[in-house]
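Q: Okay, here's the structure, questions in a sec.
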Amino acid sequence: MRAAASFLFRSPHADPQTPAAIAFAMPAAAPPNPNVLQLAPRPRGLVFFPSSSSPSSNRLRLPRAASMSAQARVPVAPPAHPTYDLKAVIDLALSEDAGDRVLIFQYESDTLDIIFTPSGDVSCLATIPSDVKAEATFIAKEDGVVAGISLADMIFKQVDPSLKVEWFESDGNYVHKGLQFGRVYGCARNIIVAERVVLNFMQRMSGIATMTKAMADAAHPACILETRKTAPGLRLVDKWAVLIGGGKNHRIGLFDMVMIKDNHISVAGSITNAMKSVDQFLAKEKLALPVEVETRTLQEVRDLLEYAAENNTSLTRIMLDNMVVPLGNGDVDVSMLKDAVQLINGRFESEVWQASGNVTIDTVKKIGETGVTYISSGALTHSVKALDISLKIDTELALQVGRRTNRA
767 MRAAASFLFR SPHADPQTPA AIAFAMPAAA PPNPNVLQLA PRPRGLVFFP SSSSPSSNRL
827 RLPRAASMSA QARVPVAPPA HPTYDLKAVI DLALSEDAGD RVLIFQYESD TLDIIFTPSG
887 DVSCLATIPS DVKAEATFIA KEDGVVAGIS LADMIFKQVD PSLKVEWFES DGNYVHKGLQ
947 FGRVYGCARN IIVAERVVLN FMQRMSGIAT MTKAMADAAH PACILETRKT APGLRLVDKW
1007 AVLIGGGKNH RIGLFDMVMI KDNHISVAGS ITNAMKSVDQ FLAKEKLALP VEVETRTLQE
1067 VRDLLEYAAE NNTSLTRIML DNMVVPLGNG DVDVSMLKDA VQLINGRFES EVWQASGNVT
1127 IDTVKKIGET GVTYISSGAL THSVKALDIS LKIDTELALQ VGRRTNRA
């Protein structure tokens, strides 16, 4: 019979001063057995991940070799958020991958067995001596915009501050298939432990940045925005990639912009009732926030503009919802959108949003030419295709295999 047990552990990557721990529970089919131990150890893994005790260890470390590149860019900072902690996100990613000692509780008859199994990167522990050094090279396996270099620096530093990282490109630069754009040198075990976490972030961010760059170039002079349709827990990482790709951020969350959508309007009774309630709320709470209101018809645009003309309002942007009509040949009809933009006539920002997915790389140019200020696309983050990147110690062999599979 297997008994219930619960225990706490702290990640080996976590700041030892951080009080937070993760609780796990193994439910039992039977009532709790008094012989089952309730443990709260802080077990240590077999691979040690040093972390700096310096107050600067939580700060963003920017690419160091960027100045050497002919296409060096000013590093793009991540969006601001009142509670989001990039270091904690990295720590969680490392912990879920490398793990720690695993405690297995087994209760049979009157005996409770507690089994400690080694975790961490057991493949490295089994094959690579702890004092072996190595150099690994980042290789682009397809063309695209690279993103996540600054975040990769943070990950390497969190795994092992002694690792030496050098970049030949910067976040936002275009890389071609086969390009070697960075390298890392140091403890072989720790390079390999960091490898998958670094690549998971960089491939996703680079995929987002690549699509954003293509959409932003095609949409000009309109600006491309993402939405809140981001991977849970990766909101800032996804939105950071959009900035690197040349887009702009929509609201970060529910707290930094008032956004009145169809359900709010339905409950309020009308678009003007909803807008009036927002103005009263912001005045009462003494809040200065941007306000966007969704409109679904030209009449709603007129009603909102009439209210704004007659009242001191906090309205800043008008969303033009599903005013791009798909045609059977793959083209789109933007006549309704043009009419709405002409009605607004620059008095407020305007934004195109399409629930039906009609904002694509093929249609965004035509939409951008209507004069709309912003075009938002949830697909930038919810339907991202990762950019293929690898980190290889034996670079020559990796390139040979890549050429054989048409990936280098």
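Heads up, the sequence shown stops at 1174 in the working numbering, and the numbers go up one at a time, no gaps. Here a beta-carbon is modelled for each residue, glycine too, at the ideal position from N, C-alpha and C. Note that the coordinates shown come from a computational prediction; the quantities given were computed from them, not determined experimentally.
In whole angstroms, what is the alpha-carbon distance linking W1190 and I974?
A: Residue 1190 falls outside the range modelled here, since the chain spans only 767 to 1174, and no answer is possible.
Q: I want to know whether the stretch 930-939 touches the stretch 837-848 - three or more CB-CB distances under 8 Å.
A: yes
Q: Kindly list the residues whose CB is nearer than 6 Å to the CB of F814, restricted to its own chain and excluding five residues on each side of it in sequence; keep chain order.
A: Caution applies to F814, whose pLDDT of 28 falls short of 50 and renders its modelled position unreliable; the value that the coordinates give is listed next. Taken in chain order, the list of residues that qualify is empty.
Q: Can you tell which of D1097, Q1108 and A1049 has its C-alpha closest to the C-alpha of V1124?
A: Contrary to the premise, residue 1124 reads as Asn rather than Val in this sequence. Of the listed residues, the one whose Cα sits closest to N1124 is D1097.
Q: Leaving out the 5 sequence neighbours to the left and right, which residues in its chain are closer than 6 Å to L1002 when beta-carbon positions are compared?
A: P844, P845, H847 and Y850
Q: If distances are taken between C-alpha atoms only, which option among K1042, D1004, L1053 and N1111 comes closest to F1021?
A: L1053
Q: In chain order, which alpha helix (DSSP H) runs of at least 4 residues are fully inside the stretch 1036-1080?
A: Listed in chain order, they are 1037-1051 and 1064-1076.
Q: Verify whether the separation of the beta carbon atoms of E908 and D1154 is less than 7 Å.
A: Yes.
Q: Measuring straight from C-alpha to C-alpha, what distance separates K905 and Q946?
A: Residue 905 is actually Ile in this sequence, not Lys. Distance between the alpha carbons of I905 and Q946: 5 Å.
Q: Quick one: which unbroken beta strand (DSSP E) runs of 3-plus residues sit fully inside the stretch 991-1018? Chain order, please.
A: none
Q: Helix, strand or coil, according to DSSP, for F922 in the structure here?
A: helix
Q: Alpha carbon to alpha carbon, how far is Y951 from S889? Give it in angstroms, no decimals.
A: Rounded to the nearest angstrom, the gap between the Cα atoms of S889 and Y951 is 20 Å.
Q: Is it a yes or a no for the stretch 1064-1076 touching the stretch 1099-1108, going by three-plus beta-carbon pairs under 8 Å?
A: yes
Q: Applying the 10 Å Cβ sphere with the 16-neighbour rule, what's the burial state of A997?
A: exposed
Q: Which of helix, strand or coil does DSSP assign to L1086?
A: strand
Q: Should N1172 go down as buried or exposed, given a rule of 16 or more other Cβ atoms within 10 Å for buried?
A: exposed
Q: So the beta strand (DSSP E) K930 belongs to, where does it begin and stop?
A: K930 to W933
Q: Given a threshold of 16 other Cβ atoms within 10 Å of its Cβ, counted over all protein chains shown, does P785 qualify as buried or as exposed?
A: In this predicted model, P785 has a pLDDT of only 37, less than 50, meaning its place in the structure is not dependable; the value taken from the coordinates is given anyway. Exposed is the call here.
Q: If I measure Cβ to Cβ from M1085 and keep anything under 7 Å in the same chain, skipping five residues before and after, which residues do I get?
A: E1058, V1059, E1060, T1061, E1117 and W1119
Q: Our contact map puts I1010 next to A913 with C-beta atoms below 8 Å; I'd like the distance itself, whole angstroms only.
A: 4 Å
Q: Near S819, what residues of its chain come up, given a Cβ to Cβ distance below 7 Å and the 5 sequence neighbours on each side ignored?
A: Note on S819: pLDDT 35, under 50, position unreliable in the model; no value is reported.
Q: On the three-state DSSP scale, how would you describe D1028?
A: helix
Q: Quick check on the DSSP output: the alpha helix (DSSP H) that includes G973 runs from which residue to which?
A: A954 to A985
Q: Run the CB neighbour count on N956, radius 10 Å, all protein chains shown included, and call it buried at 16 or more, exposed below.
A: buried
Q: Tell me the DSSP secondary structure of D887 in three-state form.
A: coil
Q: Between the C-alpha atoms of V925 and G1144, what's the straight-line distance to the nearest angstrom?
A: 33 Å
Q: Looking at the secondary structure, which residues open and close the beta strand (DSSP E) in which E901 lies?
A: Per DSSP, the continuous beta strand (DSSP E) segment holding E901 begins and ends at K899 to A906.
Q: Please list, in chain order, all residues of the same chain as K943 whose beta carbon is under 7 Å from its beta carbon, the five residues on each side excluded.
A: A906, K907, E908, D909 and A1174
Q: Just to confirm the assignment, what range does the alpha helix (DSSP H) spanning S861 have?
A: L852 to A864
Q: Please report the residue range of the alpha helix (DSSP H) in which K1158 lies.
A: No alpha helix (DSSP H) holds K1158; the beta strand (DSSP E) holding it covers I1155 to K1158.
Q: What are the boundary residues of the beta strand (DSSP E) that V842 is part of?
A: V842 -> no beta strand (DSSP E), and no H or E assigned at all.
Q: Is it right to say A796 is buried, meaning 16 or more other beta carbons lie within 10 angstroms of its own, or is it exposed?
A: Residue placement at A796 is flagged as unreliable, the pLDDT there being 40, under the threshold of 50; a coordinate-derived value is accordingly withheld.
Q: Go ahead and pull the three-state DSSP assignment for A795.
A: Bear in mind that a pLDDT of 38 at A795, under 50, signals an unreliable position, so the model cannot answer this.
Q: Taking the beta strand (DSSP E) that S1116 belongs to, which residues open and close that run?
A: First-last of the beta strand (DSSP E) with S1116: E1115 to W1119.
Q: Does the distance from the C-beta atom of L1157 to that of A859 stay below 7 Å?
A: no
Q: Which value, in whole angstroms, describes the spacing of the CA atoms of I990 and M981?
A: If I take the Cα positions, the gap works out to 7 Å.
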